Structure formats: C-alpha cells, structure tokens
Amino acid sequence: MTTQGHLTLSDHPDQDAYVLMEDGQALMHGSTEDLARARRLAGSTGALLWFRRGGKGYVVRDPATLQRIRALCAPVSQLGQAQGALGERQGRLGEQQAALGTQMAAAAARDAAAAVAQARASLARDNAAARTTTPVAQQANATSQRSTQQRIEALAAQQQTLAAQQADLAAQQAVASARADEQTRHIMREAIRTGLARPVAR
Numbered sequence: 692m693t694t695q696g697h698l699t700l701s702d703h704p705d706q707d708a709y710v711l712m713e714d715g716q717a718l719m720h721g722s723t724e725d726l727a728r729a730r731r732l733a734g735s736t737g738a739l740l741w742f743r744r745g746g747k748g749y750v751v752r753d754p755a756t757l758q759r760i761r762a763l764c765a766p767v768s769q770l771g772q773a774q775g776a777l778g779e780r781q782g783r784l785g786e787q788q789a790a791l792g793t794q795m796a797a798a799a800a801r802d803a804a805a806a807v808a809q810a811r812a813s814l815a816r817d818n819a820a821a822r823t824t825t826p827v828a829q830q831a832n833a834t835s836q837r838s839t840q841q842r843i844e845a846l847a848a849q850q851q852t853l854a855a856q857q858a859d860l861a862a863q864q865a866v867a868s869a870r871a872d873e874q875t876r877h878i879m880r881e882a883i884r885t886g887l888a889r890p891v892a893r
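The opening position of the sequence shown corresponds to residue 692 in my numbering, with each subsequent residue numbered one higher.
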C-alpha cells in the first residue's frame with residue numbers, strides 16, 4: 692500500500708484529519724489509526740474520503756468530490772516522486788564515492804607496504820636497485836591516487852548540486868502541501884454543508 696501526505700504516529704481523536712483512499716493508495720493528513728479507519732470503510736477496492744472535523748467522522752464517496760481532491764494533491768505527489776528520483780541519484784553517487792574511497796585506501800596501503808619494503812631492502816643489502824625501483828612504483832601509485840581524488844571531488848560537486856535541487860523541491864512541496872491541505876479542508880466543509888459527507892462512527 693502506498694501512503695502519501697502527513698502521517699502522525701499517535702492518534703488525536705479530537706483533531707481534524709482526512710484520508711483519501713483509492714486503489715490501495717492513500718493521501719492523508721492524520722494518524723495510523725485514521726488510516727486504518729479509512730481502510731476498513733473503503734474495503735478492498737472502494738474509493739472514498741474519510742475525514743474528521745470537530746471530533747465527528749464523515750465519509751464522502753461522491754466521484755466528483757474525490758476527483759477534486761486528487762487534482763489538488765497531484766502536484767504534491769509529483770514533487771514527492773521527483774524528490775525520490777533525486778534521492779536515488781544521490782544514492783548511486785554515494786556508492787561511487789564509497790568505491791573510490793576504498794580504492795584510495797588500498798592505494799595508501801600499497802604505498803605504506805612499498806615504503807616498508809624499500810627500507811628493509813636498503814638496510815639489508817644497501818641495494819641501489821631497490822632504492823630506485825620502489826619510488827617509481829610509489830610515483831605511479833601517487834598519480835593514480837590524484838586521479839581518484841579528482842573523481843571523488845567531481846562526484847562531491849554533483850552531490851552538492853543534487854542536494855540543492857532536493858532542498859528546492861522540498862520547499863516547493865511544503866508550499867504545495869499547505870495549499871492542498873487548506874483547499875481540501877474547504878472541500879470537506881463544503882461536503883458537510885451540501886450533505887455529500889455522511890456521518891460515521893469515529
């Protein structure tokens with residue numbers, strides 16, 4: 692089951708709340724208990740709006756009213772999906788950064804091992820070849836490390852860009868969510884006034 696909106700962990704039976712159920716999906720502003728109430732009323736395939744206002748529970752099944760609420764919530768859902776896609780990209784970049792970090796750690800370990808080998812060879816044999824060959828390997832390793840570091844920095848720059856985009860989407864979603872919530876509550880009041888909202892036990 693897919694749930695979108697504002698979910699609270701504790702039940703507040705005197706606070707206003709709503710849950711729009713359709714095709715196993717829920718758009719809501721309420722608690723897990725509110726979601727359970729709406730699911731029981733909707734059944735396996737039913738579409739409805741359950742809401743609580745002034746401590747009283749109501750259900751709306753009017754298709755036109757449900758469509759109005761879906762239209763209001765669509766921008767919020769789209770922004771949430773965009774944030775999810777960005778999050779996946781950030782996750783992939785993070786995996787690449789971790790892999791490159793592992794490469795750098797391995798290169799540093801090779802450097803340390805080469806330095807130890809060089810010192811031992813110098814002490815044991817004073818071998819000129821040992822003193823010249825090992826620095827060449829270390830230089831190649833250092834070049835590889837610089838290249839890896841540059842790739843890590845490039846990935847970090849991409850992460851920073853994506854983080855800024857995430858922050859922008861989050862701000863847009865907050866505005867869109869507040870607007871949709873306000874307009875949904877207006878529809879709820881209207882449904883009570885016109886009789887489209889039927890009282891139910893809380």
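Note that beta-carbon positions come from the ideal geometry of N, C-alpha and C, so glycine has one too.
Computed from a prediction, not measured in an experiment: that's the story for all the values here.
Could you tell me how far apart the beta carbons of residue 781 and residue 841 are, in whole angstroms, since I believe they sit closer than 8 Å?
-> No, residue 781 and residue 841 are not in contact; Cβ-Cβ is about 20 Å, not under 8 Å.
Simplified DSSP state of residue 894, which is helix, strand or coil | There is simply no residue 894 to check, as the chain begins at 692 and stops at 893 in what is shown.
Residues sharing a beta bridge with residue 748, DSSP = 743 and 891
State buried or exposed for residue 834, treating a residue as buried only when at least 16 other CB atoms are found within 10 Å of its CB.
-> exposed
Closest to residue 748 by CA distance: which of 726, 855, 858 and 807 is it?
-> 726
State whether the region 703–719 contacts the region 756–773, with contact taken as three or more CB pairs (one from each stretch) at a distance under 8 Å.
-> yes
Give the straight-line distance between the Cα atoms of residue 861 and residue 766, rounded to the nearest whole angstrom.
-> 12 Å
Is it the case that the Cβ atoms of residue 836 and residue 799 are separated by a distance below 9 Å?
-> yes
Alpha carbon to alpha carbon, how far is residue 757 from residue 743?
-> 16 Å
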